[in-house]
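Colleague: Below are the structure tokens for one structure; questions will follow.
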């Protein structure tokens, strides 16, 4: 007969729904456990006080008289005690509602905190992936620059070889012309 089952199960709900990692979340979980146990104790006190007041009210019914008579000191004292018990019940009821809202606000806050943790974790993974891609692209750029330098060197070498071939061709042509001139 628990009037606030969700409030008393808030810690279990937190533990099952969210993964809590660091020290702050452990502090929050401890505070939530304390609040849940306070709600349980208040609920128990409220139930016992209600039963006590009901027993007091049902056991001592005032006598019905047609005349207005004055209360005896014992009846007056009994009435004051009943009033005090009702004040305690009202106070406990108010506290229970406050703790109940606090527990569920805390559940929502921890939920948002865990959501932010997950977003932060995903952001870190994205940053790591981006860093890895940047590193790979830097290596590719470095390799392309080396290939560019190698190709420039090869092009210069081909140009020098072409010039040398042109010189050799001119020399061979000159020698062939000279030999043809001698043969005629």
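In my numbering, the protein residues as written are 130 to 313. Glycine included, every Cβ here is placed at the ideal spot set by N, Cα and C.
1. Where does residue 206 sit, in a helix, a strand or coil, going by DSSP?
2. May I have the straight-line CA-CA distance separating residue 303 from residue 290, to the nearest angstrom?
3. Buried or exposed for residue 195, going by 16 or more other Cβ atoms inside 10 Å?
4. Between residue 372 and residue 166, what straight-line distance do the alpha-carbon atoms span, to the nearest angstrom?
5. Measure the C-alpha to C-alpha separation of residue 279 and residue 288 and round it to an integer number of angstroms.
6. Under a Cβ-count criterion, where at least 16 other Cβ atoms within 10 Å of its own Cβ denotes burial, should residue 253 be classed as buried or exposed?
7. Mind checking whether residue 225 and residue 171 have CB atoms under 8 Å apart?
8. Would residue 305 be called buried (16 or more neighbouring beta carbons within 10 Å of its own) or exposed?
9. DSSP state of residue 281, grouped into three classes?
10. Note down, in chain order, each residue of its chain lying with its Cβ closer than 8 Å to the Cβ of residue 231, except the 5 sequence neighbours on either side.
11. Determine the contact status of residue 221 and residue 174, defining contact as a CB-CB distance below 8 Å.
12. If you draw a straight line from the alpha carbon of residue 260 to that of residue 266, how long is it in whole angstroms?
Modeller: Taking the coordinates as given:
1. Counted from its first residue, the chain shown places residue 206 at position 77. Reduced to three states, the DSSP call for residue 206 is helix.
2. Residue 303 sits at position 174 when you count from the first residue of the chain shown. Residue 290 sits at position 161 when you count from the first residue of the chain shown. Straight-line Cα distance between these residues: approximately 19 Å.
3. The residue you call residue 195 lines up with position 66 of the chain shown. Interpretation of residue 195 is limited by its pLDDT of 44, a score under 50 that renders its predicted location unreliable; the figure taken from the coordinates is listed afterwards. When all chains shown are included, residue 195 counts as exposed.
4. Past the edges of the chain, shown from 130 to 313, lies residue 372, and the structure says nothing about it.
5. Position 150 of the chain shown, counting from 1, holds the residue named residue 279. Position 159 of the chain shown, counting from 1, holds the residue named residue 288. Roughly 14 Å between the two C-alpha positions.
6. By 1-based counting over the chain shown, the position of residue 253 is 124. Exposed, because fewer than 16 other Cβ atoms sit within 10 Å of the Cβ of residue 253.
7. Your numbering for residue 225 matches position 96 in the chain shown. Your numbering for residue 171 matches position 42 in the chain shown. With respect to residue 171, residue 225 sits close: the two C-beta atoms are nearer than 8 Å.
8. Here residue 305 refers to the residue found at position 176 of the chain shown. Exposed: under 16 other Cβ atoms inside 10 Å.
9. Along the chain shown, one-based indexing puts residue 281 at 152. Residue 281 carries a helical assignment under DSSP once its states are collapsed to helix, strand and coil.
10. Position 102 of the chain shown, counted from the first residue, corresponds to residue 231. Counting only Cβ-Cβ distances below 8 Å, and skipping sequence neighbours, we find 164.
11. The residue labelled residue 221 in the question sits at position 92 within the chain shown. The residue labelled residue 174 in the question sits at position 45 within the chain shown. Judged by beta-carbon spacing, residue 174 lies within the 8 Å limit of residue 221, meaning their Cβ atoms are closer than that value.
12. Sequence index remark: in the chain shown, residue 260 carries index 131 (1-based). Sequence index remark: in the chain shown, residue 266 carries index 137 (1-based). Cα-Cα distance, rounded: 10 Å.
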